[in-house]
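S.K.: Next up is a structure, given as structure tokens.
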Amino acid sequence: MEPVVRIASRTVVLPADNVDTDQIIPARFLTGTRRDGLGASLFADWRRDGAGELRPDFPLNRPEAQGARILVAGANFGCGSSREHAPWALTDYGFAAVVSPSIADIFKGNAVRNGLVPVEIEPSAHRELLARPGAEIVIDVEAGTVSLPDGGSARFELPAFARRCLLTGRGPLDFLLEQEPAILRYEQGNDDVAEAR
Amino acid sequence: MTVPKARTLFDKIWDAHEAVPAGPDHPAAIYVDTHLIHEVTSPQAFALLRERGLRVRRPDRTWATVDHSIPTRFVEGRPAFLNRATRHQVETLERNCEEHGIPLFRMGDPGQGIVHVIGPELGLTQPGRTIVCGDSHTSTHGAFGAWAFGIGTTEVAQVLATQCLLQERPRTLGIEISGRLGVGVSAKDLILGVIRKFGVAAGRGHVIEYRGGAVEALDMEARMTLCNMSIEAGARAGLIAPDETTFEYLEGKEHVPSGDGFADLVARWSRLPTDEGAAFDRSLAFDAGSLEPMVTWGTNPGMSCGISEAVPAPADADERAALDYMGIEAGRPLLGRPADVVFIGSCTNARISDLRAAARVLAGRRTNPATQLLVVPGSAKVRRQAEAEGLDEVFRSAGAEWRAPGCSMCIAMNGDRLSPKELAVSTSNRNFEGRQGPGGRTVLASPVTAAASALAGAVADPRPFLEG
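Those sequence lines, one after another, are chains A and B. With the first letter of the first sequence counted as 1, position 32 gets the number 13 in this note's numbering; the numbers rise by one all the way through. Just add 476 to wherever you are in the second sequence, counting from 1, and you've got this note's numbering.
In structure tokens form, the structure reads like this:
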């Protein structure tokens, strides 16, 4: 995972609330065994019509959205299935951050572990971003700030560990592997819960 | 003298599983008692282990099954895989399990089934345990007073390698449910009612504890249905205090000790329920007595109404878009809306009690010829039990297709799916756009509502079939 410190980009705005992971990547694209190559199927049924043609009015398909790395979405983004294919598809497509008033729990964790920054901001700041698709903004992961089109800025919170994962590119697995002695001690004291198999 | 602090059920499970307590710069590492894996969300996790040269730390705490992408039909005795990719996924899981010594329930194995159906059946799901799986409906296992939640694939790799997960401590949400469910009203209607009232994001950041008389009155399978859809209320986990109903269900299960061992466990499990005076971070109340059978009219599980109620006028652009997608008009009930398919299955409603309830409605009757009825048992064990009771004959005589166990049309990865604009009355858990096939439309309902709808060929009230 590459470290993510600062993202400067135009935004793409997808205002719907409760965008679920079945929309981010429909289940029929989960039949693979690899992590890469899923960007082509991102929002597949919203980006393309039944005949497979791009829908010109879908926000991601507009000319001004090309190359944008920040997705501004409605509330409760990423609800539903735990599929990590959702952040895999978003990052493979080119997104580096999702900005929303609230992001679903499982998706948020999956995002951090893939270097996709989950940015939860106040409704007033969010409304401002919704109103200005294509705005050039800067997300500062270290400071926990988002610059707003009007010149102001909004704060966002991340748990300290998640922030460090993003800034260093070092995930929880490395940390957990270092905890082996403590995990072993825990098991020795508690293994009566285990199945004897 | 210090007085012990009153704790919730969740607090007790959390406290007992902190392998590494939280520090100033890291959250707690929580020990995972039972890890369930399946073919769709595990291959990339095993690949990560291979990249890093890691082994599965506790194959004895890991169990695998195939369910999501497998066919439910056999042609000339062979599973009719949708395509090479789905077959490859299953073969990949087989190789990974063999390489790491993980027991796997293959297609045709007597223990195979949907991961959230077989865990309880085998007695792997026990009170006080931490249980994870790369599937959001892992919340199902909370019915036993376990802390069970869905995880992503990178986390699957972490658990495989270390048996632990880093967890920020969730807040607790107590939902007190009073009243008695009426005739034809089930746990499915209850959870749909709860989500309608409190919303699809109500549980975000929380673990729900369902409590109160209406919850205590539910049998274990109904409790599983309730906890299953906690994720549809935004909560990663939902749990219910273990009680006599729980203990009775577990006694005699394959992985539950018998005799003194069982008595010791019951004594331990009995200390788990939330202490009197323990505080939840948030509390809500719900009256189950006024519920009627529920149906969804929109594209998330919060968009529902009672079967005789008019579909409400859209409150915002999202609701207008949902009605438009569904081809549904506000202002009148869904009753009578033609159904192309009725699906009875999924980790929400494919246990034996669900099939018995559906069979009671279907017995001696024929489905509408315009409606396809698909009955997909949740596990091989459920299938055997249903066949022993003659339920398969009831379904077949009614005109249904009786399939092999799997997730089937709940997630529509295996070829069991709707065509664009087809409408299904479905006992599954998600009515998201395209969930049951691109362009397909889903009305979530209970098994009896689904069965009644198959008879009518349209969304129907099950209650007339259950009286007398």
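Backbone N, C-alpha and C fix where the C-beta goes; we use that ideal spot for every residue, glycine too. It should be emphasised that the depicted structure is a prediction, and the values quoted were computed from it without experimental measurement.
When you compare the CB of S612(B) with every CB in chain A, is at least one pair closer than 9 Å?
M.R.: In the second sequence, residue 612(B) corresponds to position 136, counting from 1. Judged by the 9 Å Cβ criterion, S612(B) is in contact with chain A.
S.K.: If you measure between the beta carbons of Q588(B) and A826(B), is that distance less than 9 Å?
M.R.: Residue numbering aside, residue 588(B) sits at position 112 when the second sequence is read from its first letter. Residue numbering aside, residue 826(B) sits at position 350 when the second sequence is read from its first letter. Against a cut-off of 9 Å, the Cβ pair of A826(B) and Q588(B) comes out as no contact.
S.K.: So what does P555(B) bridge to, in DSSP terms?
M.R.: Translated into positions along the second sequence, residue 555(B) becomes position 79. Answer by DSSP bridge pairing, in chain order: F550(B).
S.K.: Per the contact definition of three or more C-beta pairs closer than 8 Å, is the stretch 766 to 781 of chain B in contact with the stretch 832 to 848 of chain B?
M.R.: No, because fewer than three Cβ pairs between the stretch 832 to 848 of chain B and the stretch 766 to 781 of chain B fall closer than 8 Å, the two stretches do not touch.
S.K.: Could you give the residue range of the beta strand (DSSP E) that holds I120(A)?
M.R.: Translated into the one-based positions of the first sequence, residue 120(A) becomes position 139. 117 to 121 is the span of the beta strand (DSSP E), which, as asked, contains I120(A).
S.K.: With a 10 Å radius around its C-beta and 16 neighbouring C-beta atoms as the bar for buried, classify A124(A) as buried or exposed.
M.R.: The residue given as residue 124(A) occupies position 143 in the first sequence. Answer is exposed; the Cβ neighbour count stays below 16.
S.K.: Measuring alpha carbon to alpha carbon, tell me which of A141(A), T14(A), V98(A), Y167(A) ends up nearest P68(A).
M.R.: As a first step, residue 68(A) is located in the first sequence; it is residue number 87 there, counting from the start. Selected option, being the one with the closest Cα: V98(A).
S.K.: Does any CB atom of chain A fall closer than 9 Å to the CB of V924(B)?
M.R.: Position 448 of the second sequence, counted from the first residue, corresponds to residue 924(B). Not an interface residue.
S.K.: Report the residue from R16(A), V(-7)(A), D26(A), R36(A) whose alpha carbon sits nearest the alpha carbon of N95(A).
M.R.: Numbered from its first residue, the first sequence carries residue 95(A) at position 114. Closest by alpha carbon: R16(A).
S.K.: Thinking just about the alpha-carbon of each residue, which of V122(A), P114(A), G150(A), G152(A) is nearest to the one in T(-8)(A)?
M.R.: Your numbering for residue -8(A) matches position 11 in the first sequence. Selected option, being the one with the closest Cα: P114(A).
S.K.: Could you check if R64(A) is buried or exposed, using at least 16 other CB atoms within 10 Å of its CB as the buried criterion?
M.R.: The residue labelled residue 64(A) in the question sits at position 83 within the first sequence. So R64(A) counts as buried.
S.K.: Mind pulling the chain A residues with CB within less than 7 Å of D816(B)?
M.R.: Locating residue 816(B) in the second sequence gives position 340, where the first residue counts as 1. Result: empty, since nearest Cβ-Cβ is about 17 Å, beyond 7 Å.
S.K.: Whose C-beta lies closer than 7 Å to the C-beta of G933(B) among residues of the same chain, with five residues either side of it excluded?
M.R.: In the second sequence, the residue the question calls residue 933(B) occupies position 457. Cβ within range, chain order: P814, A815, N844, A846, T847.
S.K.: According to DSSP, what are the bridge partners of D203(A)?
M.R.: Chain A is shown from -18 up to 178; residue 203(A) falls before or after that span and cannot be answered.
S.K.: Suppose the cutoff is 7 Å on Cβ atoms and the five residues either side in sequence are ignored; what does the same chain contact list for R178(A) look like?
M.R.: Within the first sequence, numbered from 1, the residue matching residue 178(A) stands at position 197. Bear in mind that a pLDDT of 40 at R178(A), under 50, signals an unreliable position, so the number given afterwards is only what the model happens to contain. Correct list: empty, nothing qualifies.
S.K.: Given V542(B), which residues of its chain have a CB within under 8 Å of its CB, disregarding the five upstream and five downstream residues?
M.R.: As a position in the second sequence, residue 542(B) is number 66, starting the count at 1. Cβ within range, chain order: H514, E515, V566, L569, L580, F581, R582, M583, Q588, G882.
S.K.: Take V924(B) and list the residues in its own chain whose beta-carbon comes closer than 8 Å to its own, dropping the five residues that flank it on each side.
M.R.: Locating residue 924(B) in the second sequence gives position 448, counting from the first residue. The residues are G660, S662, P769, A833, A834, R836, V837, P938, F941, L942.
S.K.: Since I102(A) meets chain B, which of its residues come closer than 9 Å, beta carbon to beta carbon?
M.R.: Here residue 102(A) is taken as the residue at index 121 of the first sequence, counted from 1. Neighbours of I102(A) on chain B: none; closest Cβ ~16 Å, over 9 Å.
S.K.: So with CB distances below 8 Å, who are the chain A contacts of L642(B)?
M.R.: Here residue 642(B) refers to the residue found at position 166 when the second sequence is read from its first residue. Those within 8 Å of L642(B) in chain A are F142, P153, F156, L157.
S.K.: Considering only residues of the same chain and omitting the five flanking positions on each side of V53(A), which have a CB-CB separation below 6 Å?
M.R.: On the first sequence, residue 53(A) is found 72 positions in, with the first residue counted as 1. Excluding sequence neighbours, V53(A) sits near T(-8), V(-6), V80, L110.
S.K.: Taking C-beta pairs closer than 8 Å, name the residues in chain B that P7(A) reaches, listed in chain order.
M.R.: Position 26 of the first sequence, counting from 1, holds the residue named residue 7(A). Within 8 Å Cβ-Cβ: G910, P914.
S.K.: Between which residues of its own chain and G765(B) is the CB-CB distance below 6 Å, once the five residues before and five after are set aside?
M.R.: By one-based count along the second sequence, residue 765(B) stands at place 289. Once the five neighbours on either side are set aside, the close Cβ partners of G765(B) are G655, R656.
S.K.: So I887(B) contacts chain A; which residues on that side make the cut at Cβ distance below 7 Å?
M.R.: Position 411 of the second sequence, counting from 1, holds the residue named residue 887(B). Here the neighbours are A8.
S.K.: Is the separation between the beta-carbon of L23(A) and that of Y74(A) shorter than 9 Å?
M.R.: For the purposes of this step, residue 23(A) is taken as the residue at position 42 of the first sequence. For the purposes of this step, residue 74(A) is taken as the residue at position 93 of the first sequence. Yes, the pair counts as a contact, with Cβ atoms nearer than the cut-off.
S.K.: So that I know if they touch, is there some Cβ in chain A lying closer than 9 Å to that of P875(B)?
M.R.: Your numbering for residue 875(B) matches position 399 in the second sequence. Looking at the sequence itself, residue 875(B) is Gly, so the reference to Pro does not match. Taking Cβ atoms only, chain A never reaches closer than 9 Å to G875(B), which makes this a no.
S.K.: Tell me whether G550(B) is buried or exposed, calling it buried when 16 or more other Cβ atoms sit within 10 Å of its Cβ.
M.R.: Translated into the one-based positions of the second sequence, residue 550(B) becomes position 74. The sequence shown places Phe at residue 550(B), rather than the Gly named in the question. It counts as exposed.
S.K.: Using a C-beta to C-beta distance shorter than 7 Å, which residues of chain B count as neighbours of S62(A)?
M.R.: Residue numbering aside, residue 62(A) sits at position 81 when the first sequence is read from its first letter. S612, listed in chain order.
S.K.: In three-state DSSP terms, what is C883(B)?
M.R.: On the second sequence, residue 883(B) is found 407 positions in, with the first residue counted as 1. Correct three-state label for C883(B): coil.
S.K.: Kindly say whether G31(A), judged by its beta-carbon, lies nearer than 9 Å to any beta-carbon of chain B.
M.R.: Numbered from its first residue, the first sequence carries residue 31(A) at position 50. Yes, because at least one Cβ of chain B sits closer than 9 Å to the Cβ of G31(A).
S.K.: Measuring straight from C-alpha to C-alpha, what distance separates N572(B) and P153(A)?
M.R.: For this step, residue 572(B) is matched to residue 96 along the second sequence. For this step, residue 153(A) is matched to residue 172 along the first sequence. For N572(B) and P153(A), the distance between alpha carbons rounds to 23 Å.
S.K.: By how many angstroms is the C-alpha of A797(B) removed from the C-alpha of D155(A)?
M.R.: Taking the first residue of the first sequence as position 1, residue 155(A) is located at position 174. Taking the first residue of the second sequence as position 1, residue 797(B) is located at position 321. In a straight line, the C-alpha of D155(A) is about 44 Å away from that of A797(B).
S.K.: Where does M770(B) sit, in a helix, a strand or coil, going by DSSP?
M.R.: Your numbering for residue 770(B) matches position 294 in the second sequence. The answer is strand: DSSP assigns M770(B) an E or B state.
S.K.: Report the rounded CA-to-CA distance for A864(B) versus S518(B), giving the unit in angstroms.
M.R.: To locate residue 864(B), count along the second sequence from 1; it is residue 388. To locate residue 518(B), count along the second sequence from 1; it is residue 42. Cα to Cα, the separation comes out at about 34 Å.
S.K.: Short of 6 Å in beta carbon distance, which residues of its chain neighbour E45(A), apart from the five on each side in sequence? Order them along the chain.
M.R.: Position 64 of the first sequence, counted from the first residue, corresponds to residue 45(A). Cβ neighbours of E45(A) beyond the five flanking positions: G115.
S.K.: By the 10 Å Cβ neighbour count, where 16 or more other Cβ atoms means buried, how is A175(A) classified, buried or exposed?
M.R.: Counting from 1 along the first sequence, the entry for residue 175(A) is found at position 194. The predicted model places A175(A) with a pLDDT of 45, which falls under 50 and marks its position as unreliable, so this point remains unresolved.
S.K.: What are the complete beta strand (DSSP E) segments, minimum 3 residues, inside the stretch 556 to 633 of chain B?
M.R.: Taking only runs of at least 3 residues, the beta strand (DSSP E) segments lying wholly in the stretch 556 to 633 of chain B are 606 to 609, 623 to 626.
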